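*Asks:* Input: one structure, supplied below.
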Amino acid sequence: MPKTKEQFQKMREDMREKILKMSSLYFARCGFGDTKISDLAKHIGIGQGTIYLYFKSKEELFDEIRNNADNKDEIKKLKLLSKLPIPAKTKIDKISNEMCRRLTEDEEYAVKITLLTQILLEREDIYSDDLYKEMAKIIRQGQKEGDIVKGDALYLADLYWGNVYLYALKRLFSTTLKSLKKETLNRLLEA
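According to my numbering, the residues represented by the sequence shown are 41 to 231, in order.
Given below as structure tokens:
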């Protein structure tokens, strides 16, 4: 039992973070529609009532997860990278290397990619997302340089990010997954 108000508050914050973290993984694996609070509570190892102490409903919990699952840092890095005076092929290599490393080493990153993609798919125009627009800029640069395959840059960005999403899903569901190689991602765009 906590002895001070601060210890009690810390325990509450820790439990809330545990619920959010473990729920993110569960929602990424099962989706919103197939998630029941009772199954979620079992997955976390707590009672259903504990979830309701922190969140009024499954919808409120999922909304909090969605709000936390932003890709602002990734977009910021992508925008900075797209402005660098280096060949597009080098930029894509850097992006692929980072994606492969993070997806291989960090299951939480795979959860984030999965949830962000699910959120993007709910939109009417997925191609209006900055992630796609910035990748398309790099692809267009590479097409001008002759290193990137010809075609619609947004479609090619979708092909690239679709493969990243697919690997993130495999990372969450497969126990015998081979590591994603940057060369595999790069090959999707090479001329």
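Ideal Cβ positions, reconstructed from N, Cα and C, are used throughout, including at glycine.
Small disclaimer: the values here were computed from a predicted structure and weren't measured.
Kindly list the residues whose CB is nearer than 8 Å to the CB of residue 59, restricted to its own chain and excluding five residues on each side of it in sequence; keep chain order.
*Replies:* For residue 59, where only same-chain residues beyond five positions count, the Cβ hits under 8 Å are 84, 86, 90, 91, 94, 95, 101.
*Asks:* Can you tell me where the alpha helix (DSSP H) with residue 176 in it begins and where it stops?
*Replies:* Here the alpha helix (DSSP H) through residue 176 covers 170 to 185.
*Asks:* Consult DSSP for residue 100 and reduce its assignment to one of helix, strand or coil.
*Replies:* Three-state result, residue 100: helix.
*Asks:* So residue 125 packs on residue 187, CB below 8 Å; how close in whole Å?
*Replies:* About 15 Å; that fails the 8 Å criterion.
*Asks:* Between the segment 182 to 198 and the segment 102 to 112, are three or more C-beta pairs nearer than 8 Å?
*Replies:* As far as the Cβ criterion goes, the segment 182 to 198 does not touch the segment 102 to 112, which means the pair count is below three.
*Asks:* What is the DSSP secondary structure of residue 159, counted as helix, strand or coil?
*Replies:* Helix.
*Asks:* Can you tell me whether DSSP reads residue 46 as helix, strand or coil?
*Replies:* DSSP places residue 46 in helix when its eight states are reduced to three.
*Asks:* Quick check on residue 188: does DSSP put it in helix, strand or coil?
*Replies:* Reduced to three states, the DSSP call for residue 188 is strand.
*Asks:* At the level of alpha carbons, what is the spacing between residue 71 and residue 123?
*Replies:* Taking the straight line joining both Cα atoms gives about 36 Å.
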